[in-house]
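Enquirer:
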Amino acid sequence: MAHNNLRNFIENINIRFDNQEEEIDIERIKFALKHRPVPPISEYQFNEITEEITINEKNKTRIGDCTICLCEFPIDTEALKLPCKHYFHHECLDSWLKTSAACPNCRYPLPTIDAEYESMVRIVRDYELKNGSTNSSTTTNNNDDDNDNDRRYYSNNSMYS
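Numbering (our numbering), first residue to last: 2 to 162.
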């Protein structure tokens, strides 16, 4: 039921681009992004962004333990590395990313399967870049090569934020 209320709220957001004049209810979009859970990641994206690392004596202390299940990585097993350089068991990360497209440790935003969510993020980013305003919960990165600026500005939907 709450999902339907959120959808109705989002559908009533006024976004219009007419002859260089923009009328955007940006505060409603920010509110929706902040109070909406981060959507999951697709299997294709999961395979594209993760890297398999073999655990050995040399890298075991640097990698640490899987922070999802809190178990250590046995020697000569595989761990998955996210772009933010956090490591997890394959099964742990797979189940986590089915519910949220953000790193469990640092909330680094990952691409989602929800086009509506991604477009709202782009609208906010473009609006803030154009107007020179930033939000304290945003993470701006001047490196457009990584396309990090297209990531969630409001990925702080964790129990710690």
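Positions of the beta carbon are idealized from the N, C-alpha and C atoms, including for glycine.
Taking 8 Å as the limit between beta carbons, can you name the residues of its chain near Thr242, skipping five residues before and five after?
Expert: This structure cannot speak to residue 242, because the chain is shown only from 2 to 162.
Enquirer: Apart from the five residues on each side of it in sequence, which residues of its chain come closer than 6 Å, Cβ to Cβ, to Asn136?
Expert: By 1-based counting over the sequence shown, the position of residue 136 is 135. Low local confidence applies: a pLDDT of 49 at Asn136 is under 50, so the model's placement there is unreliable, with the coordinate-based value given in what follows. So the list is empty, once near-sequence residues are dropped.
Enquirer: Are the Cβ atoms of His36 and Cys67 separated by less than 8 Å?
Expert: Walking along the sequence shown from the start, residue 36 turns up at place 35. Walking along the sequence shown from the start, residue 67 turns up at place 66. No. Outside cutoff.
Enquirer: Taking its Cβ as the centre, do 16 or more other Cβ atoms sit within 10 Å of Pro38, making it buried, or is it exposed?
Expert: Mapped onto the sequence shown, residue 38 falls at position 37. Exposed, by the Cβ-count rule.
Enquirer: Roughly how many angstroms separate the alpha carbons of Glu129 and Met121, rounded to a whole number?
Expert: For the purposes of this step, residue 129 is taken as the residue at position 128 of the sequence shown. For the purposes of this step, residue 121 is taken as the residue at position 120 of the sequence shown. One C-alpha to the other measures close to 12 Å.
Enquirer: Return yes when the Cβ of Glu49 is within less than 8 Å of the Cβ of Glu79, no when it is not.
Expert: Locating residue 79 in the sequence shown gives position 78, counting from the first residue. Locating residue 49 in the sequence shown gives position 48, counting from the first residue. No, they are not a contact pair.
Enquirer: Runs of 4 residues minimum, wholly inside the segment 53-80: which ones carry the alpha helix (DSSP H) assignment?
Expert: List check, alpha helix (DSSP H) in window: 58-64.
Enquirer: Secondary structure at Thr140, three-state DSSP: helix, strand or coil?
Expert: Mapped onto the sequence shown, residue 140 falls at position 139. With a pLDDT of only 40 at Thr140, under the threshold of 50, the placement of this residue in the model should not be trusted, and no figure is reported.
Enquirer: Among the residues of its own chain, which have a CB less than 6 Å from the CB of Gly65, if the five just before and after it don't count?
Expert: Position 64 of the sequence shown, counting from 1, holds the residue named residue 65. So the list is empty, once near-sequence residues are dropped.
Enquirer: Does Lys86 come out as helix, strand or coil in the three-state DSSP assignment?
Expert: By 1-based counting over the sequence shown, the position of residue 86 is 85. It is coil, neither helix nor strand.
Enquirer: Taking 8 Å as the threshold (C-beta atoms), are Ala116 and Pro110 in contact?
Expert: Here residue 110 is taken as the residue at index 109 of the sequence shown, counted from 1. Here residue 116 is taken as the residue at index 115 of the sequence shown, counted from 1. No, the Cβ-Cβ distance between Pro110 and Ala116 is not below 8 Å.
Enquirer: Since Ile69 and Trp97 are thought to touch, with beta carbons under 8 Å apart, how far apart are those beta carbons, to the nearest angstrom?
Expert: Residue numbering aside, residue 69 sits at position 68 when the sequence shown is read from its first letter. Residue numbering aside, residue 97 sits at position 96 when the sequence shown is read from its first letter. Ile69 to Trp97, Cβ: 6 Å. Contact.
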